[in-house]
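Heads up, the sequence shown is in the working numbering, so the first residue is 18 and it goes up one at a time.
Just so you know, even glycine gets a beta-carbon here, dropped at the ideal spot from N, CA and C.
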Amino acid sequence: MKVALVLHGYPPEQVGGTELSVRTLAHNLVAEGLEVVVIAGTLDWSPGFATTTSIDEGASRPITVYKLHRGDLYFDHWQKGREPRVSRAFAEILRSERPDVVHVHHWVRLSNDLVAVAARCGIPAVVTLQDLWSTCLLTFRVRPDTRSFCEAEMAPDPCLDCASVLRPRTPWMSRAQAEARFGERTAFLRRELDLARIRIAACGSHAQTVRQFLGVSDVEIDLLPPGVDVQLARRAPRALPGEGEPLRIGAWGHLAPLKGADVLIEALRLLPNPNAVRLELAGGEVDPAFAAHLRERSEGLDVHFHSAYELAELDRNSVSDVHLMATGTRAHESWGLVLDEALLMGLPSLLPAAGALLDRAQGRGFAALYRQGDPADLARVIGELLADPARIEAMRAAIPAPDDCRLTGVDHARLTVTLYQRAITAGAPAVEPVDEADEQRAIEFQDAWDEGLKAASAVELGFEEEPS
């Protein structure tokens, strides 16, 4: 069996969670005897358009990696979701490589018609819904004004106003033009899920969220957790705090508003005795202004900041030498690997009651849940644990054995192959032929968008403030 894995970036250039998990899948598929080719987007801009190839030597057999270099500007912008030049290059690669199945993990940086292109080439597709990008112009469905999860249906109102926080602004686009792009984006992504022979989500809550907010309630979605291959040792349980000793809580991950370290800090400030808790924070400061805000709000509290960490060394980092792991994430996580890391190290957790974290922890005993984004409710939960620390021992006891905490990468790959076999058996779906005139109009739109950008001032684009 030959499979083409398709996504927005690939290591070592891009090392986010999706990119790393797809590389792990690629290596494990090769180890299982499959032939694998990767087709990826890239941030490496190329004038005009270019396709380059490289070899991933990390697997048991070399993997060819194609990268599609877009030549337009700000190609991650939601209005740039459809790019016929990518679609044509993608089709050429598929006709050359002839995979039995295409596995799409993301569309951003590529084009919103990848499954349709594969179908026109006679190749069935599998889609993994890695996040909520298909349901939100800002990706995570977290409102920029309130930082709370957005419950609005996908529609020009309110989505276009919400997306106006993105830079660059697009003053050359009329409201009618923006609504047309929004409608095309939504229609194309709905068609992608309709044409896919198999759709995958990591858990039921993520599948239901996509169904609800993309408006595809009748779409069947298979559930398959990600493979987790990180090797983290169980930490020796830290003794419960004695008289005058703090409860230690650790949180790791990027120090960015989405990840909600401020929720944890504000919860401490609401405790009757804030210094009854020592908070360890570790992670890269990807937003310097937000990191400075965290430090300012931590003054007078027992909060310790650590630098970015190596995941493989997390079990030896002081951020995990704690009684509890906590996350303040504002996102409805599609899975939440931070929970896997805590479980492997034997740490009970404080988790927001939302998304996959709620799905995975509710009723399991190893976590205490609080209302997402609500420091007061988190302070309430922490206060209950301070009053009854024996609960922490009970939470520890509920943590499953390490081998029962995760699906390994090998097992994930084997289960994925069974889904590929189902897709291949179903065959490629029927799809309308390419409308070449419509594709030309899409190319002209991209070119006009770039010309509008070049003609606008930095103030109009939102990169500079209006002079006073």
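- Counted as a single uninterrupted DSSP element, the alpha helix (DSSP H) harbouring P101 occupies residues 101 to 114.
- In the structure shown, R87 adopts extended strand secondary structure according to DSSP, grouped into three states.
- By alpha-carbon distance to R413, the top candidate from V280, M362, T163, R158 is M362.
- Taking P188 as the centre and dropping the five residues before and after it, the same chain places the C-beta of A473, E477 closer than 7 Å to its C-beta, in chain order.
- Among the bridge pairs identified by DSSP, G261 is matched with none.
- For the 8 Å CB-CB criterion, G221 and D89 do not form a contact.
- Judged by beta-carbon spacing, R431 lies beyond the 8 Å limit of E52, meaning their Cβ atoms are not closer than that value.
- Per DSSP, D357 is not a residue of any beta strand (DSSP E); the alpha helix (DSSP H) it occupies stretches across 354 to 361.
- Under the criterion of beta carbons closer than 8 Å, I409 and A343 do not qualify as touching, at roughly 12 Å.
- Counting the other CB atoms within 10 Å of its CB gives E350 a total of 16 or more, which places it among the buried residues.
- With distances taken between CA atoms, L131 lies nearest to A21 out of A284, A21, W466, I80.
- In the three-state reduction of the DSSP assignment, L424 falls in the strand class, which pools E and B.
- Only buried fits T59, as 16 or more other CB atoms lie within 10 angstroms of its CB.
- Burial state of Q379 is exposed, judged by a 10 Å Cβ sphere holding fewer than 16 other Cβ atoms.
- Each residue's CA atom was taken as its position, placing E30 and L288 some 43 Å apart.
- Nearest neighbour of P79 by Cα position, chosen from P185, A43, L111, turns out to be A43.
- The beta carbon of F307 is closer than 8 Å to those of L272, A273, P274, D279 in its chain, skipping five residues each way along the sequence.
- If you draw a straight line from the Cα of L298 to the Cα of V339, it is about 11 Å long.
- Per the coordinates, the alpha-carbon of R228 lies some 11 Å from the alpha-carbon of E170.
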